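Using numbering that gives the first Met the number 0, read the sequence shown as starting at 0 and increasing by one per residue.
Beta carbons: idealized from backbone N, C-alpha and C, even for Gly.
Owing to the predicted nature of the structure, the values given are computational and were not obtained by experimental measurement.
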Amino acid sequence: MRDFLKALPKAELHLHIEGTLEPELMMTLADRNGVNLPYGSVEAIRAAYDFHDLQSFLDLYYQGMSVLRSARDFEDLAMDYFRRATAEGVVHVEMHVDPQAHLARGVSLATVMEGLGRARRRAERELDLTSAMILAFLRDRPAEEALDLLERAAPYWESLDAVGLDSAELGHPPAKFAEVFQRAKALGLARVAHAGEEGPPDYILEALDVLDVCRIDHGVRCLEDPTLVERLCEEAMVLTVCPLSNVRLKVVERLEDHPLPAMRDAGLTITLNSDDPAYFGGGLLDNYLACRWAFGWSREVFLDLAGNAIDAAFMSEARRAELR
Ligand code: ADE
Ligand code: ZN
């Protein structure tokens with residue numbers, strides 16, 4: 000089964016590029032850039048990854064990315080991840096990027112976008128790995144800041160596929176970002192949003208109605224509202240579920256308790272994803288394997304899930320045909 004799941008062409012639709020920063024590269028970049036980390040070793044970094052909820056993870060996630068300073072750092076970050084992903088049978092990656100977290104510490108948008116852009120072009124050339132880019136807004140920051148970021152990103156609109164909404168969910172409902180998502184739509188950008196990870200089913204509904212999203216990131220709490228589930232099924236709305244993330248952030252106690260099988264039984268359109276692989280114990284293949292162990296799913300189930308991701312990906316029809 001491992002060989003089968005590894006060879007299966009997989010698309011990763013829910014990944015934060017800053018969440019691919021492995022402790023080894025974090026140490027290397029800290030040395031390169033003279034950044035002081037509160038850890039003495041790779042082991043000490045890993046030992047700190049003991050989260051009790053989303054916020055406790057986000058605190059370390061934002062601290063970790065402080066080592067990223069130059070375009071070369073961002074290129075190294077993404078190339079390192081792209082190589083690991085390719086080795087796991089990942090053929091297409093859609094990455095969220097969090098520019099506000101970099102702007103806030105004096106790293107320019109050009110630095111971030113040029114570094115990631117270089118890595119994307121190299122990955123396509125050197126690894127036959129295609130990618131998409133999702134400009135994410137931090138929902139625990141003011142909506143005006145998100146609007147300002149979208150306008151500042153004008154030189155990069157062409158290289159963007161979508162806008163997204165991430166960071167601390169509770170207390171920051173999607174409607175707060177109605178205006179910026181409307182502007183993104185007018186620019187011809189697709190829209191996705193994290194909703195129903197820690198937040199209530201109402202946030203999922205709001206993401207659909209107010210932000211007009213084409214995918215819901217996570218969405219696992221939708222099962223609490225049968226009417227919402229019915230609608231998600233009717234619209235064949237894609238949910239980018241992240242099993243290992245949900246365990247690490249205590250959305251569920253154990254993977255065996257995860258609502259994934261119930262979500263599939265309800266007829267929802269599910270994809271499997273890794274979210275922040277450097278922090279949550281594994282990449283996309285590890286997420287597939289963990290589901291195999293926890294749920295005993297057959298090859299047919301994984302073919303279906305991997306197919307959903309290829310179908311829902313922001314990729315050319317030629318690439319989709321090649322991967323199907
Ligand atoms: N940013 C990085 N990972 C995230 C997650 N799982 N939820 C919300 N924001 C995030
Ligand atoms: Zn996420």
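Assign residue i to buried or exposed, taking buried as 16 or more other Cβ atoms, counted over all protein chains shown, within 10 Å of its Cβ.
| i | result |
| --- | --- |
| Leu302 | exposed |
| Ala194 | buried |
| Thr226 | exposed |
| Ser244 | buried |
| Ala10 | buried |
| Arg138 | buried |
| Leu4 | buried |
| Met262 | buried |
| Ala153 | exposed |
| Ser40 | exposed |
| Asn0 | Rather than Asn, the amino acid found at residue 0 in this sequence is Met. With fewer than 16 Cβ atoms within 10 Å of its Cβ, Met0 is classed as exposed. |
| Gly170 | exposed |
| Leu28 | buried |
| Trp292 | exposed |
| Gly282 | buried |
| Ala86 | exposed |
| Asn307 | buried |
| Arg247 | buried |
| Gly187 | exposed |
| Ala206 | buried |
| Ser130 | buried |
What residue does the beta strand (DSSP E) around residue i start on, and which one ends it?
| i | result |
| --- | --- |
| Leu134 | Thr129 to Leu137 |
| Ala167 | It is not in any beta strand (DSSP E) - Ala167 carries neither H nor E in the DSSP assignment. |
Could you tell me whether the Cβ of residue i comes closer than 7 Å to any Cβ of chain B?
| i | result |
| --- | --- |
| Met25 | The structure shown has no chain B; it contains just one protein chain. |
In terms of residue numbering, what span does the alpha helix (DSSP H) encompassing residue i cover?
| i | result |
| --- | --- |
| Glu143 | Ala142 to Arg151 |
| His13 | Segment Lys9 to His15 is the beta strand (DSSP E) holding His13; no alpha helix (DSSP H) there. |
| His101 | Pro98 to Leu102 |
| Leu76 | Ala70 to Ala86 |
| Phe56 | Leu53 to Gly63 |
| Met25 | Pro22 to Asn32 |
| Glu395 | Residue 395 cannot be examined here, being either before or after the span of the chain that is shown, 0 to 323. |
| Trp292 | Leu283 to Phe294 |
| Leu41 | The displayed chain sequence assigns Val, not Leu, to residue 41. Start and end: Val41 to Ala46. |
| Asn307 | Arg298 to Ala311 |
| Glu223 | Neither: Glu223 is in no alpha helix (DSSP H) and is coded neither H nor E. |
| Leu210 | Here Leu210 belongs to no alpha helix (DSSP H), and DSSP marks it neither H nor E. |
DSSP puts residue i in a beta bridge; with which residues?
| i | result |
| --- | --- |
| Leu217 | Reading off the sequence shown, one finds His at residue 217, where the question assumed Leu. His217 pairs with Ala194. |
| Thr268 | Val237 |
| Met94 | Leu14 and Met132 |
| Val106 | DSSP output for Val106 lists no bridge partner at all. |
| Gly163 | Ala135 |
| Asp274 | Leu14 |
| Val89 | Lys9 |
| Ala189 | Ala161 |
Any heavy atom of the ligand FAD inside 6 Å of the beta-carbon of residue i?
| i | result |
| --- | --- |
| Glu157 | Questions concerning the ligand FAD fall outside what the structure shown contains, since the ligands it does hold are the ligand ADE and the ligand ZN. |
Requested in this report: Any chance you could list the residues with Cβ under 6 Å from a heavy atom of the ligand ZN, keeping chain order?
Outcome: His13, His15, Asp165, His193, Asp216 and Asp274
Query raised in the report: Is the region 20-36 touching the region 90-99 in the sense that three or more CB pairs, one from each, lie closer than 8 Å?
Result: no
Query raised in the report: So, do the region 213-231 and the region 172-184 have three or more beta carbon pairs nearer to each other than 8 Å?
Result: no
Query - the region 75-85 / the region 40-57 touching (three or more Cβ pairs under 8 Å) - result: no
Query raised in the report: Given 8 Å as the limit, is there contact between the region 268-280 and the region 231-247, that is, 3 or more CB pairs closer than that?
Result: yes
Query raised in the report: Would the region 302-318 and the region 112-128 be scored as touching if the rule is three or more Cβ pairs under 8 Å?
Result: no
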